[in-house]
Amino acid sequence: MVVQAGEALALINAWVEAERVILIDAVAARGTPGKIYRIDASKIPLPAHFLACSTHDFGVAAAVELARTIGLLPPHVILYGIEGQDFAPGAGLSSPIARVVHTVAARVNQEVRLARKQSSGSVQVDAS
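Here is the structure:
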């Protein structure tokens, strides 16, 4: 497991030889705060609006698409996006997001268990 803050180049470097990657990030997809998105980024590009808002200068979604473009995207990449509520600098975790953190953690644990059954490769998790 590797935990990163979401800086794009550090993420790409962390997963450069990985078979499977699970990413977790806040997203601004114009949905209800706390909504959980699961996207198999190894099969489809991330929605354009996931690229537009990030608490990072060059965020997780941009890192995924950059890695795809330059041929460094691992074979299996799952993104869990949690619809954020307040993206202002210094904003804390809002209650709608806090309510789903355990749900996302349980889903990630299930993904990791399934991945370990399917392969002997390493599983990386980014919690930002």
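Each residue of the sequence shown is one higher than the one before, starting from 980 at the first, in this note's numbering.
Quick reminder that beta carbons are idealized off the backbone N, C-alpha and C, glycines included.
Quick caveat, the model's predicted, so the values are computed rather than measured.
Exercise. To which residues does DSSP link residue 1056 through a beta bridge?
Worked result: Taking the sequence shown and counting its residues from 1, the one referred to as residue 1056 is at position 77. Residue 1056 pairs with 1000.
Exercise. For the putative contact between residue 1078 and residue 1010, defined by C-beta atoms under 8 Å, what is the C-beta separation to the nearest angstrom?
Worked result: Taking the first residue of the sequence shown as position 1, residue 1078 is located at position 99. Taking the first residue of the sequence shown as position 1, residue 1010 is located at position 31. The pair is not a contact, with the Cβ atoms about 15 Å apart (cut-off 8 Å).
Problem set entry | Distance between residue 1007 and residue 1017 (C-alpha atoms, nearest Å) | As a working note, residue 1017 is residue 38 in the sequence shown. As a working note, residue 1007 is residue 28 in the sequence shown. The alpha-carbon atoms of residue 1017 and residue 1007 are separated by roughly 14 Å.
Exercise. In terms of alpha-carbon separation, which member of 1005, 1074, 1029, 1025 lies closest to residue 1056?
Worked result: For this step, residue 1056 is matched to residue 77 along the sequence shown. When 1005, 1074, 1029, 1025 are compared, the shortest CA-CA separation from residue 1056 is found for 1025.
Exercise. Relative to the alpha-carbon of residue 1061, which residue among 989, 1040, 1022 has its alpha-carbon at the smallest distance?
Worked result: Here the question's residue 1061 lines up with position 82 in the sequence shown. Looking only at 989, 1040, 1022, the smallest Cα-Cα distance to residue 1061 is reached by 1040.
Exercise. Around the Cβ of residue 1002, are there at least 16 other Cβ atoms within 10 angstroms (buried) or fewer (exposed)?
Worked result: Within the sequence shown, the letter at position 23 stands for residue 1002. By the neighbour-count rule (16 or more Cβ atoms within 10 Å), residue 1002 is buried.
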